[in-house]
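With my numbering applied, the sequence shown covers 123 to 336.
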Amino acid sequence: MGKSEKKEKKTREEKDGGGTGDKNRNYLMIVLGAIIIVIIAGIAVFVLPHQDVVMNGDNVSFYYTLMNENGTVISSRMNGTPAELTVGSSDIIPGFSHAIAGMKVNEKKTVVIPFDQAYGPYNSSLVRVVNRTGAIANTTFLEGQYFTIHRSTDNAESVVRILNVTPSTVTWDANNPLAGQNLTFTVQIVGLERSAVGNATVTKTPIPAKTIAP
Numbered sequence: 123m124g125k126s127e128k129k130e131k132k133t134r135e136e137k138d139g140g141g142t143g144d145k146n147r148n149y150l151m152i153v154l155g156a157i158i159i160v161i162i163a164g165i166a167v168f169v170l171p172h173q174d175v176v177m178n179g180d181n182v183s184f185y186y187t188l189m190n191e192n193g194t195v196i197s198s199r200m201n202g203t204p205a206e207l208t209v210g211s212s213d214i215i216p217g218f219s220h221a222i223a224g225m226k227v228n229e230k231k232t233v234v235i236p237f238d239q240a241y242g243p244y245n246s247s248l249v250r251v252v253n254r255t256g257a258i259a260n261t262t263f264l265e266g267q268y269f270t271i272h273r274s275t276d277n278a279e280s281v282v283r284i285l286n287v288t289p290s291t292v293t294w295d296a297n298n299p300l301a302g303q304n305l306t307f308t309v310q311i312v313g314l315e316r317s318a319v320g321n322a323t324v325t326k327t328p329i330p331a332k333t334i335a336p
């Protein structure tokens, strides 16, 4: 093999070696990039859920206005002392907890909550005609008033609306006053306290509680 052939062979080997090195470097860069992406994703998984947004079990303070489908204001607290509740509590209508989940402090929004996520459908079987005997024999009833019934068996209470009154009977409606209605809430979160136990057990406000006494 002549000198020129040896030199040409060496040049080809150097080029081949350089190409392999470039491929290895490219491979390492790809692997390194993939590792960085995995690390960033892991940080996002553990960090983002702990940002200051409303989560299930949190205690929140808020201002609100509650309206029915006709736009009539049912209840409002947009200034003064804010209402308070624990998100996800069984005493809170589920649609409200879902609506404020993910909100931030000072964020404000309006949301429509369908009746099946609020106080449920209207149940005609809860309208009863009751004889005016026993504990209610001498009670004065007025049509349209709300009356609290105390159940002696378990000491529970329920609020009914009086529909009709006769000397011997009274007809009342035990449905929640907002049953069967789609509701519109305007809510502004003004305070957030992260739950230490991670679940909801307490409610501090009557609206939008499942049972309200008008």
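Quick reminder that beta carbons are idealized off the backbone N, C-alpha and C, glycines included.
In the DSSP assignment, the residues bridged to Y186 are R199 and V309.
Here N201 is near Y185, since their CB atoms are less than 9 Å apart. S219 places its beta carbon less than 9 Å from that of V209. Contact between the segment 178-198 and the segment 302-312 is present: 3 or more CB-CB pairs across the two stretches fall below 8 Å. A straight-line Cα-Cα distance of about 13 Å links S290 and A257.
Looking at the DSSP output, I235 shares a beta bridge with L305. The C-beta distance from I235 to A221 rounds to 6 Å, short enough to fall under 8 Å. With fewer than 16 neighbouring CB atoms inside 10 Å of its own CB, G266 falls in the exposed class. DSSP, read as helix, strand or coil, puts S247 in helix. C-alpha of P204 to C-alpha of F269: approximately 28 Å in a straight line. By the neighbour-count criterion, in which 16 or more other beta carbons inside 10 Å mark a residue as buried, L264 falls on the exposed side. Bounds of any beta strand (DSSP E) do not take in S219; it lies within the alpha helix (DSSP H) bounded by P216 to I222.
In this structure, the beta-carbon distance from L305 to E206 does not fall below 9 Å.
Taking C-beta atoms as the reference points, A278 and L248 fail to come closer than 9 Å. Between M225 and V281, the beta carbon gap of about 30 Å keeps them out of contact (Cβ cut-off 8 Å). Around the C-beta of N181, 16 or more other C-beta atoms lie within 10 Å, and the residue is accordingly described as buried.
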